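Read the structure below first, then the notes.
Residue numbers (the numbering used here): 535 to 702.
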């Protein structure tokens, strides 16, 4: 795996073009220690709704961490439509992550997406969205700040035993 941002992004883009879930996972893991977002947000928004990989929750969390405003539509769509491999998840963890990402993006468009999700026929999704709307004012400090300076946020993104934030 390349050790520079451009090379790593290039490997990630190639994995997406090839629809290779293993290479995608490796390249995604390599991107985040570098803490860059240029060119990454659009790619993550596109791949969030692709069904050839198995990292949807990680992608939603990455979008949240990077506050990718371009991903609002993709997050809203994915909150309502889990991939087949997550059909067993009655708790809708992916939808929850999508609503958190929308809340942290914090734009008017993201809030409007949450408002639409709060009318969903899927009860649990409706509840997740309404909670984020209800907490909107309380969470203003978290919204739209780019790559957050949360301690170890990138580590927790990859499941490295750091639980600094209860919603991670």
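From the three backbone atoms N, C-alpha and C, an ideal C-beta is built for every residue, glycine too.
All values reported here derive from a predicted model rather than from experimental measurement.
Check: Taking residue 598 as part of the alpha helix (DSSP H), name the residues at either end of that continuous run.; Outcome: 590-600
Check: Buried or exposed: residue 598, going by 16 or more other Cβ atoms within 10 Å of its Cβ?; Outcome: buried
Check: By the three-class DSSP mapping on this structure, what secondary structure does residue 667 have?; Outcome: helix
Check: Return the residue from the list 624, 618, 669 that minimises the CA-CA distance to residue 636.; Outcome: 669
Check: Just the C-alpha distance for residue 657 and residue 577, rounded to the nearest angstrom, thanks.; Outcome: 30 Å
Check: Under the assumption that residue 594 contacts residue 612 (Cβ atoms under 8 Å), give the Cβ distance between them as a whole number of angstroms.; Outcome: 7 Å
Check: What residue from 631, 618, 559 has the CA that sits closest to residue 605's CA?; Outcome: 631
Check: Using a Cβ-Cβ cut-off of 6 Å (strictly less than) and excluding sequence neighbours within five positions of residue 550, which residues of its own chain qualify?; Outcome: 581
Check: What separation, rounded to the nearest whole angstrom, lies between the Cα atoms of residue 634 and residue 674?; Outcome: 13 Å
Check: Under the three-state reduction of DSSP, which class applies to residue 657: helix, strand or coil?; Outcome: helix
Check: If you count every other CB in all the chains shown that lies within 10 Å of the CB of residue 732, and 16 or more means buried, which is it?; Outcome: Beyond the ends of the chain as shown, which are 535 and 702, falls residue 732; an answer cannot be given.
Check: Mapping DSSP to helix, strand and coil, what is residue 677?; Outcome: coil
Check: Looking at the secondary structure, which residues open and close the alpha helix (DSSP H) in which residue 634 lies?; Outcome: 627-639
Check: How many whole angstroms separate the CB atoms of residue 652 and residue 667, which I take to be in contact at a CB cut-off of 8 Å?; Outcome: 6 Å
Check: Measuring CA to CA, which of 672, 624, 629, 660 is closest to residue 608?; Outcome: 629
Check: Out of 552, 546, 553, 554, which has the shortest C-alpha to C-alpha gap to residue 563?; Outcome: 546
Check: Closest to residue 602 by C-alpha separation, out of 643, 662, 655, 588, would be which residue?; Outcome: 643
Check: For residue 524, which option in 648, 555, 678 has the closest C-alpha, if you only look at C-alpha atoms?; Outcome: Outside the shown range of the chain (535 to 702) lies residue 524, about which nothing can therefore be said.
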